[in-house]
Every structure is written in C-alpha cells, then in structure tokens.
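First the structure, in the form of structure tokens, and then the observations on it.
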Amino acid sequence: MRLVLLGPPGSGKGTQATRLTTQLGIPHVSTGDLLRAQVKAGTELGRKAKEVMESGQLMPDDIVLGMLEERLEQDDARPGFILDGFPRNLTQAGELDQLLHRIGQPLDAVVKLDVSDETIVGRCKVRYDEQGRDDDNPETVRKRLAVYAEHTAPVAGHYREKGLLTEVDGVGELEEVAARITRALPGDAVASHS
Ligand code: B4P
Numbered sequence: 011m012r013l014v015l016l017g018p019p020g021s022g023k024g025t026q027a028t029r030l031t032t033q034l035g036i037p038h039v040s041t042g043d044l045l046r047a048q049v050k051a052g053t054e055l056g057r058k059a060k061e062v063m064e065s066g067q068l069m070p071d072d073i074v075l076g077m078l079e080e081r082l083e084q085d086d087a088r089p090g091f092i093l094d095g096f097p098r099n100l101t102q103a104g105e106l107d108q109l110l111h112r113i114g115q116p117l118d119a120v121v122k123l124d125v126s127d128e129t130i131v132g133r134c135k136v137r138y139d140e141q142g143r144d145d146d147n148p149e150t151v152r153k154r155l156a157v158y159a160e161h162t163a164p165v166a167g168h169y170r171e172k173g174l175l176t177e178v179d180g181v182g183e184l185e186e187v188a189a190r191i192t193r194a195l196p197g198d199a200v201a202s203h204s
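Written as structure tokens, this is what we have:
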C-alpha cells in the first residue's frame with residue numbers, strides 16, 4: 011500500500027500515520043520528522059530547517075525531495091509507505107509522480123483529513139503548552155494555515171483529477187478518525203496487510 015495523507019498542519023496526519031503503520035506494517039515517512047531529525051542532529055540542513063519551520067514557511071522543494079528520495083530507497087519502504095507532509099505544493103506533487111513512476115511504485119490512495127482552522131489552532135496550542143514545539147505557537151500556526159491554503163490545498167485537486175482522493179472528517183476521537191481512514195482505503199490493499 012502506498013498512501014499519501016493530506017491535510018492542514020495539525021490535522022492529525024502524523025497521529026493517524028503512526029496508527030496505520032502498525033495496522034498495515036509499512037513505514038510512516040514524515041518530511042516534518044525527517045527535518046526535525048536534522049535539527050536535532052545540528053546539521054547545516056537542520057539549522058536552515060529550524061529557521062524555516064519557526065517562521066511557518068516551507069523548506070525549498072529540492073532539499074525536501076532529496077531527503078524523501080533517500081528515505082524511499084531504504085529496504086523497509088519496498089512493500090509500501092505512508093507519506094505524511096509530502097507533497098506540500100503542486101511542484102512537489104509533480105516531482106513525486108515522477109519519482110514513483112521511476113521506481114515503479116505508483117500511489118494506491120490519497121486521504122485528506124478535514125479539520126477547521128479554529129480546531130487546529132486549539133490542538134497545536136495544547137501541544138505547544140505540553141511540548142514547546144516552536145512552530146505550534148498560535149501565531150505561527152496561523153501563518154502555517156495561510157501557507158497551507160495558498161500552496162498545499164491545490165494538491166487535493168491534483169489527486170482528485172487522478173481519482174485517488176478521499177476526504178475524511180478529521181474531527182472526533184482518534185479511533186473514530188482511524189476507522190474513517192481505514193474505510194477510505196482500497197479494500198484489497200488493506201486485506202493484503204491484515
Ligand atoms: P509537519 O510535521 O508535517 O506538521 P504537523 O503540524 O505536525 O502536522 P500533522 O498533521 O502531522 O499533525 P499531528 O498529527 O502532529 O510539518 C512541520 C514543518 O516542516 C512545516 O511547517 C514545514 O516548515 C516543514 N515541512 C514539512 N514537510 C515539508 C515539505 N514537504 N516541504 C516543505 N516544508 C516541509 O497533530 C497535531 C496535534 O493534534 C497533536 O498534538 C495531536 O495529538 C493532536 N490531534 C491529532 N488528532 C487529534 C484528534 N482527532 N482530536 C484531538 N487532537 C488530535
């Protein structure tokens with residue numbers, strides 16, 4: 011199963027991807043997590059990523075694509091993967107199509123989590139208070155939501171045209187949202203992993 015989880019920042023992509031990883035036995039590939047690992051390791055890329063993430067903007071496409079390509083080449087991603095946080099704009103969506111075509115691994119499904127801006131600001135505020143993630147402060151979250159509306163929202167149309175997109179209500183208990191996502195996945199793909 012090769013799946014993309016779409017949705018605004020804080021819509022629960024990472025949370026649900028972690029659950030799906032256990033259910034489907036395929037890795038969760040989050041470009042946000044890959045960037046945060048670089049920040050933690052104190053690399054040059056990490057220093058740039060820290061600055062960009064704290065401003066609520068997006069990292070340059072070529073850097074994120076290079077990181078993703080390297081990750082998808084690893085053995086554990088051969089049976090499939092759950093992409094979270096990529097693609098973030100139409101350029102990245104086009105690059106992903108080409109990359110997956112090159113490695114002969116086209117997408118099976120794209121699930122978009124729908125959550126209102128106010129709910130997202132509230133959720134991220136909880137995480138900001140608990141974990142102090144700089145880009146979760148309400149002012150930065152509003153900037154990230156504006157970047158999402160301008161750059162990422164059009165990506166849904168790209169996948170709708172390809173007949174791959176299902177939209178799912180992302181508000182509710184974690185189990186409820188998880189069940190909605192499972193129902194949105196192609197049946198044969200879920201069965202082959204259970
Ligand atoms: P991400 O790491 O992708 O963003 P995120 O806000 O963590 O989103 P997610 O939707 O995964 O939310 P989560 O499950 O954690 O990106 C961070 C930054 O990295 C970007 O702003 C950008 O700068 C950079 N970046 C990443 N990818 C890039 C790319 N491709 N190109 C360029 N730049 C890129 O959930 C959020 C909170 O809500 C959690 O606290 C969770 O516990 C809570 N929650 C989840 N589901 C809930 C539910 N049903 N009910 C109540 N709370 C819930």
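Here the sequence shown is numbered in the working numbering, starting from 11 and rising by one per residue. Yeah, the Cβ is synthetic: ideal placement off N, Cα and C, and Gly gets one too.
- Shown here for Asp-71: same chain residues with a beta carbon closer than 6 Å to its own, the five before and five after excluded, namely Thr-101, Gln-102 in chain order.
- Burial is judged here by how many other beta carbons sit within 10 angstroms of a residue's own beta carbon; Thr-150 has at least 16 and is buried.
- Beta bridge pairing from DSSP links Phe-96 with no other residue.
- The region 47-60 and the region 132-142 do not touch, with fewer than 3 CB-CB distances between them shorter than 8 Å.
- Scanning Gln-115, Gly-42, Pro-19 for the CA closest to the CA of Leu-13 turns up Gln-115.
- Under DSSP, the beta-bridge partners assigned to Thr-176 are Val-121.
- Residue pairing of Ser-21 in beta bridges, as defined by DSSP: absent, with no partner found.
- In the three-state scheme derived from DSSP, where H, G and I count as helix and E and B as strand, Ser-65 is classed as helix.
- Going by beta carbons, Gly-95 and Asp-145 fall outside the 8 Å limit.
- Taking the Cβ of Asp-72 as the reference point, every heavy atom of the ligand B4P lies at 7 Å or farther away.
- Annotated as proximal: Pro-19 and Ile-130, with beta-carbon spacing under 8 Å.
- Annotation for Asp-145 indicates a beta carbon within 7 Å of some heavy atom of the ligand B4P.
- Taking every protein chain shown into account, the CB of Gly-90 has 16 or more other CB atoms within 10 angstroms, so this residue is buried.
- As the crow flies, the alpha-carbon of Leu-106 is around 11 Å from that of Val-74.
- Going by DSSP, Arg-12 is part of the beta strand (DSSP E) stretching over 12-16.
- Non-local C-beta neighbours of Val-121 in its own chain, meaning closer than 6 Å and more than five positions away in sequence, comprise Leu-15, Thr-176, Val-178, Ile-191, Ala-194, ordered along the chain.
- Here Val-39 carries a strand assignment [DSSP, helix/strand/coil].
- The beta carbon of Met-77 lies closer than 6 Å to those of Leu-44 in the same chain, with the five residues before and after it left out.
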